[in-house]
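Colleague: This is the structure I have questions about; it appears just below.
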Amino acid sequence: MSVSSRRLIERLSLKTGSFKRELAFYLAKVSPTIPDAGIVLDSLIGSWVDQQEGDRFHLSPLLSDYAAKTLSNEYKETIQNAIAVSLTKGRSLDVSDMNAALLAAWSGQNTAVIAKICMAIFGAEHDELEIIAPHMSMFTLFRTDTSAYPSEPAISQMFRAAQLILLNQESDRGQQFSDALKCFEREALEVEDSSIRTSMSMLAYSKILLQTSKAGLGIGFLELISKLNKILENKDNTLPSEMVEHLAIPGSEGVEAIAFMFLNQSNRISKIRDLLAVFDYLDRSPPALREKLLRAFHHDDFEIDMLVNSAWLREHDADTIDASNHVPIFARLEEYATSWGQAELAICCRKLQAIILDEYGSDKDGALALLDEGLQRYGSTNSELVRAKAKVLYRSDDHKGSLELSKTLIEGDATLSEVEKAFLGRDAGISAENERDFEAARRYYLYGSAAAEKSDLPDMAVMGVGLLADAAIASWHAGDRKTCLQDFVAVLTKMQSFEPDKSQRAARCYAIAIHAIIWLYHDATGKKFFLDGGVEAKIFPGCVSNPDPSNHVTSWPRLPIDMAWYMLAKAENNALLSVGITENLDNFLPNGPLVEGQMLLISAKMYNAFTRLDRTLFVEALGDQIAYYAYAQARGADSINNVAQFNYSRIPIASKEQQISLSDVAEQFVLLYSANCIFKDMADEVTLFVQEVFRSSKFTVRPELLNRLQCDGSSEDFYMQTAKNVFLESRVLTGEAQGTPAQVFELSFKVIQIAEASGNTELFSGTLLPWLRQRWTFCWDRQRFLLSDPSLHGEAISTAFEREGISTKTKVVRVLSSILPTLGLGNQNELREILEKLLRP
1 MSVSSRRLIE
11 RLSLKTGSFK
21 RELAFYLAKV
31 SPTIPDAGIV
41 LDSLIGSWVD
51 QQEGDRFHLS
61 PLLSDYAAKT
71 LSNEYKETIQ
81 NAIAVSLTKG
91 RSLDVSDMNA
101 ALLAAWSGQN
111 TAVIAKICMA
121 IFGAEHDELE
131 IIAPHMSMFT
141 LFRTDTSAYP
151 SEPAISQMFR
161 AAQLILLNQE
171 SDRGQQFSDA
181 LKCFEREALE
191 VEDSSIRTSM
201 SMLAYSKILL
211 QTSKAGLGIG
221 FLELISKLNK
231 ILENKDNTLP
241 SEMVEHLAIP
251 GSEGVEAIAF
261 MFLNQSNRIS
271 KIRDLLAVFD
281 YLDRSPPALR
291 EKLLRAFHHD
301 DFEIDMLVNS
311 AWLREHDADT
321 IDASNHVPIF
331 ARLEEYATSW
341 GQAELAICCR
351 KLQAIILDEY
361 GSDKDGALAL
371 LDEGLQRYGS
381 TNSELVRAKA
391 KVLYRSDDHK
401 GSLELSKTLI
411 EGDATLSEVE
421 KAFLGRDAGI
431 SAENERDFEA
441 ARRYYLYGSA
451 AAEKSDLPDM
461 AVMGVGLLAD
471 AAIASWHAGD
481 RKTCLQDFVA
491 VLTKMQSFEP
501 DKSQRAARCY
511 AIAIHAIIWL
521 YHDATGKKFF
531 LDGGVEAKIF
541 PGCVSNPDPS
551 NHVTSWPRLP
561 IDMAWYMLAK
571 AENNALLSVG
581 ITENLDNFLP
591 NGPLVEGQML
601 LISAKMYNAF
611 TRLDRTLFVE
621 ALGDQIAYYA
631 YAQARGADSI
641 NNVAQFNYSR
651 IPIASKEQQI
661 SLSDVAEQFV
671 LLYSANCIFK
681 DMADEVTLFV
691 QEVFRSSKFT
701 VRPELLNRLQ
711 CDGSSEDFYM
721 QTAKNVFLES
731 RVLTGEAQGT
741 PAQVFELSFK
751 VIQIAEASGN
761 TELFSGTLLP
771 WLRQRWTFCW
781 DRQRFLLSDP
791 SLHGEAISTA
801 FEREGISTKT
811 KVVRVLSSIL
821 PTLGLGNQNE
831 LREILEKLLR
841 P
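With my numbering, the residue at position 505 of the sequence shown is 505, and numbering never jumps.
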């Protein structure tokens with residue numbers, strides 16, 4: 001091995017862990033220098049040096065402690081000093097090298113490098129400390145039973161301060177932190193310069209108090225607050241004057257920095273019993289200090305409730321609240337707060353006593369008694385206590401009583417936070433819905449939604465959208481379906497900015513809003529729908545804004561927002577409304593048209609067109625229907641029904657060849673629409689409808705069938721015969737003919753079959769039955785002479801018409817079956833068999 005190679009290996013062997021090429025170059029400059037260090041290093045790779053990822057290298061394990069056998073202690077110290085300088089010479093420090101840098105600085109007695117590393121820790125942000133703490137074992141594992149750096153106490157104190165800050169960021173290090181704190185204070189006494197000693201103590205305490213402790217600082221922060229406050233008072237003038245002047249400046253609007261530190265740490269308390277120690281500390285403190293520490297809670301960005309709410313919420317999350325233990329504690333805290341003149345804090349403690357009694361102790365009466373006593377003590381209109389009383393009544397389903405109190409707060413513009421207003425509006429809306437006052441429910445939900453949107457909290461923004469959806473549903477229940485759908489346009493528009501993958505609350509709100517829209521489009525047609533397991537799907541008051549619904553909601557299949565828009569358009573059509581959703585659907589879709597959405601919407605548009613006899617919408621819907629059938633035939637049913645994958649594309653218009661192959665389907669729908677015109681006493685509509693169909697290029701219907709709808713003539717097949725029946729009945733409506741019982745039966749018989757074949761039986765049964773009753777009454781009164789043995793069948797026909805508890809379709813079929821024997825037809829048995837098949841599952 002050459003001399004240059006040996007010297008480079010000696011120097012690199014003093015560096016713990018891996019090294020970069022840059023370090024080899026730096027160490028080569030130490031006297032005696034090593035020329036061509038890069039070439040020397042490359043010659044060692046493979047035999048004595050392993051190359052790792054990127055620019056990282058590692059000496060062979062065989063070379064560990066190599067320098068210990070070949071170099072003097074003095075020269076090793078020189079090399080260690082060079083290693084420490086090299087690893088810390090940049091403006092930013094590589095955390096992976098900090099343990100090695102600190103060890104080298106220690107061995108090389110380079111206090112400047114030790115100080116630089118410590119200062120980097122002091123200057124690190126909280127999130128940075130969380131990341132680097134696990135990698136700084138030279139600090140966190142350093143012994144606390146001996147002095148860190150005996151020769152220079154100031155460096156020792158600085159090192160202990162950095163150690164404390166890092167230990168505070170590691171879980172389950174409470175004992176080590178406590179030991180290090182004692183060591184820090186013990187070694188600080190060895191620093192002769194009082195200003196340096198005090199400044200470092202102030203820095204360490206401040207940094208720790210501003211952190212979120214993972215080591216479990218708990219109520220131990222109170223001791224640090226006392227120590228820091230004593231330093232800041234500077235009665236012994238140990239702090240530099242410029243530092244005192246800087247710290248004397250209030251942190252914000254009269255709030256000093258130490259008050260924010262107290263707020264930060266008290267907000268980390270996880271046990272309600274620990275609040276006693278905090279309140280006891282405040283009670284024992286001089287009034288000026290107590291006032292100074294509590295001032296931060298009265299800052300515009302905070303609330304006095306924060307002093308106690310964090311412990312209560314953490315115990316709630318841990319399910320460890322016990323009314324028998326915790327109510328007396330909050331009673332004692334209320335006494336403390338009252339004695340200090342902190343009325344808002346005392347009211348908060350009174351409120352929490354009532355909440356714990358009611359929600360955790362199941363003692364509604366006790367909670368109400370506490371609140372009534374509080375209202376006597378703190379004022380009968382105190383919004384916090386009135387709100388708390390309303391919540392107790394709400395939880396006990398006394399919605400009338402709760403609503404009265406909530407109404408007082410809302411209409412009186414009570415001084416509440418935006419978050420409280422949001423929840424107040426939600427509770428009031430739910431109570432109003434339970435009292436069947438849906439218009440009031442809408443107002444209260446909107447009140448809550450507006451408040452939630454004013455809050456800066458992301459979860460409250462989600463709740464605000466949920467409350468808007470709840471207001472929309474309340475409008476639906478009130479009969480104002482148009483407003484409901486318009487509100488849901490706003491809901492879906494806002495939901496497009498949701499990130500369900502990042503927010504569980506957003507995922508839940510999104511899922512329930514979709515569920516609500518599905519419920520709307522079923523309810524619009526009077527149909528129920530059922531979840532897996534046969535459970536009927538329902539909508540409960542306030543369900544969309546529920547901040548904590550069942551966790552299984554997030555496991556529901558997540559539909560794309562585009563699909564939700566199609567569902568809302570379906571609700572619009574099923575509700576027989578036109579509020580612009582379907583008309584402007586393409587503008588609403590953020591990602592473009594969905595095949596599955598188009599499939600969903602077709603039936604709703606057809607339902608709307610059939611029910612309102614909107615011939616333009618019908619022609620559009622029929623074109624969509626034929627296009628979908630052609631699309632499905634071309635691609636196969638399996639690819640169309642694959643719900644695991646959504647297809648973003650527009651279903652193309654059917655080709656002429658495809659239209660011809662599907663002409664039977666088109667003629668079925670055309671005949672149903674025409675027959676519906678007859679059933680709704682709109683004979684003139686048939687002519688206008690035929691003209692609209694003639695102009696369409698998206699589906700094919702035989703011209704002769706369209707002609708037969710307008711004039712008599714040959715009818716060689718089933719559909720042509722049906723068209724002729726429609727024409728003959730149109731003449732009855734215009735007074736040109738009276739028709740016959742057989743004609744009434746034949747049109748009804750054919751329509752119910754076509755409706756069954758096209759999946760529209762229930763819809764057409766509903767319009768067919770009233771017409772059939774009216775026409776048969778005429779036949780029975782004026783044309784009974786045309787019937788065979790009417791006296792034998794009259795009672796059966798009447799019974800069939802009046803029968804209850806069966807579907808409309810079943811009733812139509814039963815009526816036709818009872819009429820059939822009176823017509824004297826030769827193929828009665830064949831017709832009866834067809835009717836009976838219609839009733840089979």
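Yeah, the Cβ is synthetic: ideal placement off N, Cα and C, and Gly gets one too.
Considering only the alpha carbon of each residue, which of E756, F122 and R650 lies closest to V665?
Modeller: Considering only alpha carbons, the answer is E756.
Colleague: Give me the residue from M495, S270, T238 and I219 with the minimum Cα distance to D317.
Modeller: Of the candidates M495, S270, T238 and I219, the one whose C-alpha sits nearest the C-alpha of D317 is S270.
Colleague: What's the C-alpha gap between Q668 and M563?
Modeller: One C-alpha to the other measures close to 29 Å.
Colleague: With a CB to CB cut of under 6 Å and the five nearest residues on each side skipped, what residues in its chain are close to Y629?
Modeller: So the list reads L662, once near-sequence residues are dropped.
Colleague: When you compare the region 373–380 with the region 399–419, are there three or more beta-carbon pairs, one atom per stretch, that lie closer than 8 Å?
Modeller: In short, these stretches do not touch, since the Cβ pair count stays below three.
Colleague: In this structure, does DSSP put I45 in helix, strand or coil?
Modeller: Residue state, collapsed to three classes: strand.
Colleague: Sort S455, S497, Q496 and Y510 by Cα distance to D873 and report the nearest one.
Modeller: The chain is shown from 1 up to 841; residue 873 falls before or after that span and cannot be answered.
Colleague: Name the DSSP beta bridge partners of H477, please?
Modeller: DSSP output for H477 lists no bridge partner at all.
Colleague: Would you tell me roughly how many angstroms separate the C-alpha atoms of N546 and A507, rounded to the nearest one?
Modeller: Looking at the two C-alpha atoms, the distance is approximately 12 Å.
Colleague: Which value, in whole angstroms, describes the spacing of the CA atoms of Y631 and I653?
Modeller: Straight-line Cα distance between these residues: approximately 9 Å.
Colleague: I'd like to check one pair, R558 with P593: are the Cβ atoms closer than 8 Å?
Modeller: Contact: no.
Colleague: Consult DSSP for Y26 and reduce its assignment to one of helix, strand or coil.
Modeller: Y26: helix per DSSP, three-state reduction.
Colleague: Near V3, what residues of its chain come up, given a Cβ to Cβ distance below 8 Å and the 5 sequence neighbours on each side ignored?
Modeller: Same-chain partners within the cutoff: there are none.
Colleague: Smallest Cα separation from G220: which of E704, L617 and Q175?
Modeller: Comparing Cα positions, the closest option is Q175.
Colleague: Which same chain residues, not among the five before or five after F529, have their C-beta less than 6 Å away from its C-beta?
Modeller: Result list for F529: H522 and A537, in chain order.
Colleague: Closest to E187 by CA distance: which of Y607, Q157 and R442 is it?
Modeller: Taking only the C-alpha atoms, the option nearest E187 is Q157.
Colleague: Using only the alpha-carbon positions, how far apart do E303 and S431 sit?
Modeller: Approximately 28 Å between the Cα atoms of the pair.
Colleague: Pick helix, strand or coil for K182, following the three-state DSSP scheme.
Modeller: Here K182 sits in helix by DSSP.
Colleague: Using the C-alpha atoms, what's the distance from K351 back to V191?
Modeller: Taking the straight line from one Cα to the other gives about 50 Å.
Colleague: Pick out the complete alpha helix (DSSP H) segments inside the region 343–385, 4 residues or longer, and give them in chain order.
Modeller: The region 343–385 contains these whole alpha helix (DSSP H) runs: 343–355 and 364–378.
Colleague: Could you tell me which of S151, H299, S696 and R782 sits nearest to K656, measuring between CA atoms?
Modeller: Here the closest residue by C-alpha is S696.
Colleague: Specify whether the region 703–710 and the region 766–786 touch according to this definition: at least 3 beta carbon pairs, one from each stretch, less than 8 Å apart.
Modeller: Because the criterion of three Cβ pairs below 8 Å is not met, the region 703–710 and the region 766–786 do not touch.
Colleague: Pick helix, strand or coil for D586, following the three-state DSSP scheme.
Modeller: Helix, per DSSP.
Colleague: Using a threshold of 8 Å, state whether the C-beta atoms of L14 and I79 are closer than that.
Modeller: Yes, the pair counts as a contact, with Cβ atoms nearer than the cut-off.
Colleague: Would DSSP call R558 helix, strand or coil?
Modeller: Here R558 sits in coil by DSSP.
Colleague: Taking the continuous alpha helix (DSSP H) assigned at H515, which residues delimit it?
Modeller: Q504 to D523 is the span of the alpha helix (DSSP H), which, as asked, contains H515.
Colleague: Quick check on the burial criterion: 16 or more other C-beta atoms within 10 angstroms. Buried or exposed for I249?
Modeller: For I249, the predicted structure reports a pLDDT of 47, less than 50, and the residue's modelled location is therefore unreliable. The matter cannot be settled from this model.
Colleague: Below 8 Å on the Cβ atoms is my guess for K811 versus T761; work out the distance and round it to an integer in Å.
Modeller: Contact doesn't hold; Cβ gap of about 12 Å is too wide.
Colleague: If you draw a straight line from the alpha carbon of V465 to that of F488, how long is it in whole angstroms?
Modeller: So the two alpha carbons sit approximately 10 Å from each other.
Colleague: Rounded to whole angstroms, what is the Cα-Cα separation between M606 and Q753?
Modeller: So the alpha carbons of these two residues sit roughly 18 Å apart.
Colleague: Exposed or buried, which one is R775 when buried takes at least 16 other CB atoms within 10 Å?
Modeller: The residue in question, R775, is buried, as its Cβ has 16 or more Cβ neighbours within 10 Å.
Colleague: What are the partner residues of R843, as DSSP defines its beta bridges?
Modeller: There is simply no residue 843 to check, as the chain begins at 1 and stops at 841 in what is shown.
Colleague: For K527, is the classification buried or exposed, using 16 other Cβ atoms within 10 angstroms of its Cβ as the cut-off for buried?
Modeller: Exposed, by the Cβ-count rule.
Colleague: Applying the criterion that 16 or more other CB atoms from any shown protein chain within 10 Å of the CB defines a buried residue, is N110 buried or exposed?
Modeller: Buried, because 16 or more other Cβ atoms sit within 10 Å of the Cβ of N110.
Colleague: If you scan the region 85–129 from start to end, which runs of the alpha helix (DSSP H) of 4 or more residues do you find wholly inside it?
Modeller: With a minimum length of 4 residues, the continuous alpha helix (DSSP H) runs that stay inside the region 85–129 are 98–107 and 111–123.
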